[in-house]
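Asker:
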Amino acid sequence: MTSSTARPSGSPGRRGRRWGIGRSWPQEDRALRASRWRGEAGNHHTRLVVPPRGCDHPGRHRRKGPLVSHVAATWPGGPGPHRRRNRNSATITSAALVWAGRVSAALVSAGRVSAALVSAALVAVLLAACAGPAAPGGGPPEALLGGWELVGGRGPDGEVVPQDGHPITLEIDEEHWAGSGGCNRYSGSATVDGDELTMLEIAVTEMACLEDGVMEAEAAYLAAFTTVDRWALDGDTLTLTGPDAELVFARQAPVEDAALVGTTWQLTELISGDGPDAAVSSTWTDAELVFGEDGRLSGSTGCNRLMGDFELDGEVLVLGPLATTRMACTDDGAAEQERQVLAMLDADPLTVELEGDRLVLRAPDGSALGYRAG
496 MTSSTARPSG
506 SPGRRGRRWG
516 IGRSWPQEDR
526 ALRASRWRGE
536 AGNHHTRLVV
546 PPRGCDHPGR
556 HRRKGPLVSH
566 VAATWPGGPG
576 PHRRRNRNSA
586 TITSAALVWA
596 GRVSAALVSA
606 GRVSAALVSA
616 ALVAVLLAAC
626 AGPAAPGGGP
636 PEALLGGWEL
646 VGGRGPDGEV
656 VPQDGHPITL
666 EIDEEHWAGS
676 GGCNRYSGSA
686 TVDGDELTML
696 EIAVTEMACL
706 EDGVMEAEAA
716 YLAAFTTVDR
726 WALDGDTLTL
736 TGPDAELVFA
746 RQAPVEDAAL
756 VGTTWQLTEL
766 ISGDGPDAAV
776 SSTWTDAELV
786 FGEDGRLSGS
796 TGCNRLMGDF
806 ELDGEVLVLG
816 PLATTRMACT
826 DDGAAEQERQ
836 VLAMLDADPL
846 TVELEGDRLV
856 LRAPDGSALG
866 YRAG
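Quick note, the sequence shown lines up with residues 496 to 869 if you use the working numbering.
(1) Roughly how many angstroms lie between the CA atoms of G787 and G647, to the nearest whole one?
(2) How is D852 classed by DSSP in three states: helix, strand or coil?
(3) Name the one or two DSSP bridge partners that E691 has.
(4) Does the Cβ of E833 have 16 or more other Cβ atoms within 10 Å, making it buried, or fewer, making it exposed?
(5) Given a cut-off of 8 Å, decide if A863 and T758 are closer than it, judged by their beta-carbon atoms.
(6) Starting from the C-beta of L735, find all residues in its chain whose C-beta is less than 6 Å away, skip the five residues before and the five after it, and write them out in chain order.
(7) Quick one: give me the first and last residue of the beta strand (DSSP E) that G794 is part of.
(8) Roughly how many whole angstroms lie between the Cα atoms of T721 and T796?
(9) Go ahead and pull the three-state DSSP assignment for L639.
(10) Check the C-beta distance from A715 over to G653 and give it rounded, since I have them as a contact under 8 Å.
(11) Only counting the same chain, and skipping five residues up and downstream in sequence, which positions put a Cβ closer than 6 Å to that of G815?
(12) State the beta-bridge partners of V785 as determined by DSSP.
(13) Nearest by alpha-carbon distance to S649: which of T700, D707, A712 and V699 is it?
(14) Which residues mark the beginning and the end of the beta strand (DSSP E) in which D894 is found?
(15) Measure the alpha-carbon distance for G708 versus I663 and round it to whole angstroms.
(16) Quick one: measure Cβ to Cβ for Q658 and E706, integer angstroms, because I've assumed they're closer than 8 Å.
(17) Which first and last residues belong to the beta strand (DSSP E) in which G803 is found?
(18) Go ahead and pull the three-state DSSP assignment for G647.
(19) List the residues that DSSP assigns as beta-bridge partners of R746.
(20) Would Y866 be called buried (16 or more neighbouring beta carbons within 10 Å of its own) or exposed?
(21) In the DSSP assignment, find the alpha helix (DSSP H) that holds A829 and state where it starts and stops.
(22) Name, in chain order, the residues that DSSP records as bridge partners for L845.
(23) In its own chain, which residues sit with a C-beta less than 6 Å from the C-beta of T780, not counting the 5 before and 5 after it?
(24) State the CB to CB distance for the pair A703 and L692, rounded to an integer number of angstroms; the pair is presumed to be in contact (CB under 8 Å).
(25) What separation, rounded to the nearest whole angstrom, lies between the Cα atoms of T820 and T763?
(26) Exposed or buried, what is V750 when buried is set at 16 or more other beta-carbons lying within 10 Å of its beta-carbon?
(27) Just mark D827 as buried or exposed, buried being the case when its beta carbon has 16 or more other beta carbons within 10 Å.
(28) Using the Cα positions of E637 and V687, report the straight-line distance between them to the nearest angstrom.
(29) Kindly list the residues whose CB is nearer than 6 Å to the CB of G634, restricted to its own chain and excluding five residues on each side of it in sequence; keep chain order.
(30) So, helix, strand or coil for V709, using DSSP?
(31) Can you tell me whether L665 is helix, strand or coil according to DSSP?
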């Protein structure tokens, strides 16, 4: 039985556990993580952080190429509060330079590992940060702005072959280089100086896509994308190259902005923080929002239904008190997702960022909810 009793939209849910990965996983942790990837994966993120080539890393000899360091992974479901085991895994100072690292996909080559375990390729990243002067250059030239779809390419882990129904995309604006790896969303930034390109910190959601070849293609793409250091534009063809990578993109036709009102918006990502410390998490369960012509908001958190009033003034969205059903969220991941969604919708005011079929509702602190037109 459910009820439609109003409750504060910021009411707390059950918190998850934050894990820092520095060395190998304890056996029980590996088992838990593997179980999440057998069709149960949901609200995860991986942050990729890499140092400039040749920089001295504490405790290691100076060398060319990537150095193994740390990844921070997050998912709900473990006991206890969010806890960061490794503070270095998620922090870069404003003066830190980062260079291309690579995502290992060796475990999935030749079909030796199932697609459900391909996340190991995303987690075996070479990550570290070195203090140094800011990277030269600035934002991308206007010609690069817009949407791009991968035609093909190669990287440190072999050919990159997009799979049917799972396009690999790149969306470039003044601040972000983001897109889809065919399964997961990734987001980062870059500086451009002439034809030189410096990729900065990248965050990647961690969802398991079980269709054959999808995770392998994504891992190969991310391995290549994080190593590119030059770009070239020939009409509507963009080519990104690096010492051991070449990615060829075709410009996507502009997508007309969907209408905020009357569209069913499907939740695709949860964004915590802003700037270099932002973390992108994938969703655990399906959730949606619908803004009605009558000024009423309806939808779901992934666990409970919600409803309320809204007012829109340009890009500023103000929501009235939300009423929700009170079904028990038996899944820890769904409970954590609901907590984040309701807390975000309780922020006042929200800024509406609408581009094509994507909607971002951003709170004053920079955290946000990402939706796609359904």
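All C-beta atoms, glycine included, are put in the ideal place defined by N, C-alpha and C.
Answerer: According to the structure shown:
(1) Approximately 41 Å between the Cα atoms of the pair.
(2) Assignment of D852 by DSSP, reduced to helix, strand and coil, places it in the coil class.
(3) For E691, the beta-bridge partners assigned by DSSP are D688 and R725.
(4) buried
(5) no
(6) V723, W726 and L742
(7) Per DSSP, G794 belongs to the beta strand (DSSP E) from R791 to S795.
(8) 34 Å
(9) helix
(10) 6 Å
(11) Cβ neighbours of G815 beyond the five flanking positions: G803 and D804.
(12) T759 and S793
(13) One detail in the question is off: residue 649 reads as Arg in this sequence, not Ser. Answer by Cα proximity: A712.
(14) Since the first residue of the chain shown is 496 and the last is 869, residue 894 is not available in this structure.
(15) G708 and I663: Cα-Cα distance of roughly 13 Å.
(16) 7 Å
(17) Secondary structure note for G803: its beta strand (DSSP E) is the uninterrupted segment R800 to D808.
(18) Judged by DSSP in its simplified three-state form, G647 adopts strand.
(19) W643
(20) Classification of Y866: buried, given that the 10 Å Cβ count is 16 or more.
(21) D827 to L840
(22) L845 is bridged to L812.
(23) G797 and A829
(24) At roughly 30 Å, the Cβ-Cβ gap does not stay under 8 Å, so A703 and L692 are not in contact.
(25) 22 Å
(26) Classification of V750: exposed, given that the 10 Å Cβ count is below 16.
(27) With at least 16 other beta carbons inside 10 angstroms of its own, D827 counts as buried.
(28) 12 Å
(29) E669
(30) helix
(31) strand
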